[in-house]
Amino acid sequence: MTMPWTSDQPIVQCTDIQKSYGTFDVLKGVSLSVKKGEVVCIIGPSGSGKSTLIRCINALVPITSGSILVEGIEVANPKLDKLALRRKVGMVFQQYNLFPHKTALQNVMMAPIHVLGQDKHEVEGRARALLAKVRLAGKENAYPGELSGGQQQRVAIARSLAMRPDIMLFDEVTAALDPETVKEVLVTIRELSEEGMTCMLVTHEMNFARDVADHIYFTDRGVIVEHGPPATFFTSARDERTRRFLSQVL
Ligand code: ADP
Ligand code: MG
1 MTMPWTSDQP
11 IVQCTDIQKS
21 YGTFDVLKGV
31 SLSVKKGEVV
41 CIIGPSGSGK
51 STLIRCINAL
61 VPITSGSILV
71 EGIEVANPKL
81 DKLALRRKVG
91 MVFQQYNLFP
101 HKTALQNVMM
111 APIHVLGQDK
121 HEVEGRARAL
131 LAKVRLAGKE
141 NAYPGELSGG
151 QQQRVAIARS
161 LAMRPDIMLF
171 DEVTAALDPE
181 TVKEVLVTIR
191 ELSEEGMTCM
201 LVTHEMNFAR
211 DVADHIYFTD
221 RGVIVEHGPP
231 ATFFTSARDE
241 RTRRFLSQVL
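UniProt numbering puts the first residue of the sequence shown at 1, with every later residue one more than the last.
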């Protein structure tokens, strides 16, 4: 029996999650929790399981054991309603994967119309407002190929927001961008967080993590080796691997 979820409980609660591919253990018992409205950053070396962790949370990857509760709903339940989960959990990837033959506006409108069957007029109004919110007013009719990487990534964020998620997952969304467009995407994410959106980000942007995160988790080889609020995480990491990593990136 799952108890009804209330917003004072963690919105995401991972308990001892393990994920293996054959004999390879990618996640070896990861526990973390995120409160409503929090911004959580996950950092760590390449291959440490960050993407796997974030994909497990919206059931793109099934876990081997453990528990993931999203608003009290067990993601590992084989009878999980994946559409219901994905309405709650938006996700943006490094590769924005916009439809190249659709305009920015059409890209944002697509899922609410075709997946949720919502009214086209109502969706259009919302999509225009979302494009304005990610500072792309005037680009409604542009095709992805006519936009910079940072602009395309902001269309991808607007597209995800069009499903009205309660939580946004970002997996290295600025990693493929030119340095000058990284900032505009980070500004968008910061503004979202200031409006109270719960955000989980895998990122290498340490300044962003320091300024915006409520809590930082450092993963290495499938485990969380260190975590804490930025104030303590960056100044007094106890774990040797974390310290080495920070000394390379800061
Ligand atoms: P990160 O995002 O931290 O770079 P990933 O979660 O992508 O790490 O990957 C962690 C480890 O799991 C890597 O060694 C990767 O090769 C492995 N891995 C990821 N996905 C698969 C898969 N579908 N099959 C086999 N191994 C995988
Ligand atoms: Mg990754």
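Glycine residues also receive a C-beta, built at the ideal position from the N, C-alpha and C atoms.
Only a predicted model underlies this, so the values are computations on that prediction, with no experimental measurement involved.
Contact fails between the segment 237-249 and the segment 61-79, because fewer than three Cβ pairs, one in each stretch, are under 8 Å apart. With respect to Leu105, Arg135 sits apart: the two C-beta atoms are not nearer than 8 Å.
In terms of Cβ geometry, Lys19 and Leu27 form a close pair [threshold 8 Å]. In the DSSP assignment, Asp220 falls outside any alpha helix (DSSP H) and within the unbroken beta strand (DSSP E) covering His215 to Asp220. Under the criterion of beta carbons closer than 8 Å, Ala158 and Gln94 do not qualify as touching, at roughly 17 Å.
By the criterion of at least three beta-carbon pairs nearer than 8 Å, the segment 45-55 is in contact with the segment 209-229. Inclusion of Glu172 in the 7 Å shell around the ligand MG follows from its C-beta lying nearer than that to a non-hydrogen atom of the ligand. By the neighbour-count criterion, in which 16 or more other beta carbons inside 10 Å mark a residue as buried, Asn107 falls on the buried side. Under DSSP, Lys28 forms a beta bridge with Gln18. Its chain contains Gln18, Lys19 and Gly222 as the residues whose beta carbon lies nearer than 8 Å to that of Asp25, once the 5 sequence neighbours on both sides are disregarded; these appear in chain order. Across the set Met168, Lys82 and Val12, the C-alpha of Met168 shows the shortest separation from the C-alpha of Val92. In this structure, Tyr21 has its CB closer than 7 Å to one or more heavy atoms of the ligand ADP. With 16 or more other CB atoms across the displayed protein chains lying within 10 angstroms of its CB, Arg154 is buried. Annotated three-state conformation of Gly228 is strand, per DSSP. In the displayed model, Phe93 falls within coil according to three-state DSSP, outside both helix and strand. Looking only at Glu71, Lys102, Lys79 and Asn97, the smallest Cα-Cα distance to Arg87 is reached by Glu71. Shown here, Met110 sits in a helix according to DSSP, grouped into three states.
Contact annotation: Val39 and Ser247 have beta-carbon atoms that are not nearer than 8 Å.
Per DSSP, reduced to three states, the secondary structure at Thr235 is coil, with no helix or strand assignment. Note that the segment 207-217 touches the segment 177-193; at least 3 beta-carbon pairs, one per stretch, sit closer than 8 Å.
As computed with DSSP, Val40 is found in a beta bridge with Met200 and His215.
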